[in-house]
Every structure is written in C-alpha cells, then in structure tokens.
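**Student:** I have a structure here, written as structure tokens, and I will follow up with some questions on it.
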Amino acid sequence: MKTRRQLIQFLPAVGALGLLGACGEKPSSPVAAVPAAPPPPASAAPTAPAVAAAPAPVAGGSLPLVDEKEPQAVALSYVNDTTKIDKTRFPKYESGQLCSNCSLYQGAAADQGPCPLFPGKHVASKAWCSAWVKKTA
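Here's what the structure looks like:
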C-alpha cells in the first residue's frame, strides 16, 4: 500500500506517460518525463511587498491638497474651486454643492480636510466632485 505522499509524487509521472503515449512516443523513464522544480535558495529571504510612501505634509502639519490633474481627481471630476466650475463640462454639479456640505468631507468647518476618496490628501472645503452626497443633519 502506497502512502498518500508517494501517490501524489507518482501522479505527475503517470500524467506525463499518458501525454507522451498520446503523441506516439515512449518515455525512457517515468521519472525523467517530469522535471523537478529547483528548490529556492536557502539564503533567499521573503521580500515584503512595496508600500507606497505617504505624501509629505505641507507647512502647518496638514496634508497636501488634491491636484485636479491626478487620475483619481480626473475620474471623479474634482474641481478645487466651485466658483470656477464649467457647468457644461460638469452637468451633475448643482449650485451650492461644496465639499464642506458633502457627507464624505471630514474637515468640519476648516478650509480643507480629509476625504476618504482621496487618502493621504486634503480637499478644499470649496471644492466639488461627482461623488458629492448631501450631508444629513
């Protein structure tokens, strides 16, 4: 009776025999038909995934503002100043919508604050994006 480990080691050789038999070739040895993978070097230490560095804070200890040209900002139609918004370009915008009165804005009454849509950055309180949702009381 074979052990489970022996059976698992034997199965690839049997599969290779079946494939070679289908091609009309006869293998010289079942073991030779299946090359073994080389073991990893003993000195190789596992590498940790690279972690993106957080943006450097600007003067005063606050985070940098979102740039309108960043991919996430472009995808969400982010605009830093709603007084300069082009309503034909952003038809979803309605007058009075600001980050400061959006339910996602976490800056309280500050001129800028964090938003979960732009981690590591602040949004201007007078900004707007297409994800705007009215803040409930």
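In terms of this note's numbering, the sequence shown has 487 at position 79, counting the first letter as 1, and numbering is strictly consecutive.
Each residue gets a CB set at the ideal place from its N, CA and C atoms; glycine is no exception.
Below 8 Å on the Cβ atoms is my contact criterion, and I expect V541 with C507 to pass it. Report the Cβ-Cβ distance as a whole number of Å.
**Tutor:** By one-based count along the sequence shown, residue 541 stands at place 133. By one-based count along the sequence shown, residue 507 stands at place 99. Not really, about 11 Å apart at Cβ, beyond 8 Å.
**Student:** What is the rounded straight-line gap between the Cα of S538 and the Cα of L512?
**Tutor:** Taking the first residue of the sequence shown as 1, we reach residue 538 at position 130. Taking the first residue of the sequence shown as 1, we reach residue 512 at position 104. Approximately 12 Å, taken between the alpha carbons.
**Student:** What first and last residue would you give for the alpha helix (DSSP H) that runs through P479?
**Tutor:** Here residue 479 refers to the residue found at position 71 of the sequence shown. Here the alpha helix (DSSP H) through P479 covers 479-483.
**Student:** Tell me where the beta strand (DSSP E) around V531 begins and ends.
**Tutor:** What you label residue 531 is simply residue 123 of the sequence shown in a count that begins at 1. Where V531 is concerned, the enclosing beta strand (DSSP E) stretches over 530-532.
**Student:** By DSSP, does C510 sit in helix, in strand, or in coil?
**Tutor:** Within the sequence shown, the letter at position 102 stands for residue 510. Strand.
**Student:** Less than 6 Å between C-beta atoms, sequence neighbours within five positions excluded: which residues of the same chain meet that for F498?
**Tutor:** Position 90 of the sequence shown, counted from the first residue, corresponds to residue 498. Cβ within range, chain order: S485.
**Student:** Alpha carbon to alpha carbon, what distance is there between Q520 and S533?
**Tutor:** As a first step, residue 533 is located in the sequence shown; it is residue number 125 there, counting from the start. As a first step, residue 520 is located in the sequence shown; it is residue number 112 there, counting from the start. Cα to Cα, the separation comes out at about 5 Å.
**Student:** Can K529 and P472 be called in contact, C-beta distance under 8 Å?
**Tutor:** Against the sequence shown, residue 529 aligns to sequence position 121. Against the sequence shown, residue 472 aligns to sequence position 64. Yes. Within cutoff.
**Student:** Could you give the DSSP three-state label for K543: helix, strand or coil?
**Tutor:** As a position in the sequence shown, residue 543 is number 135, starting the count at 1. Coil, per DSSP.
**Student:** Around the C-beta of V482, are 16 or more other C-beta atoms found within 10 angstroms, so that it is buried, or is it exposed?
**Tutor:** Your numbering for residue 482 matches position 74 in the sequence shown. Classification for V482: exposed.
**Student:** G515 and P522: beta carbons closer than 8 Å?
**Tutor:** Position 107 of the sequence shown holds residue 515. Position 114 of the sequence shown holds residue 522. A contact, by the Cβ cut-off of 8 Å.
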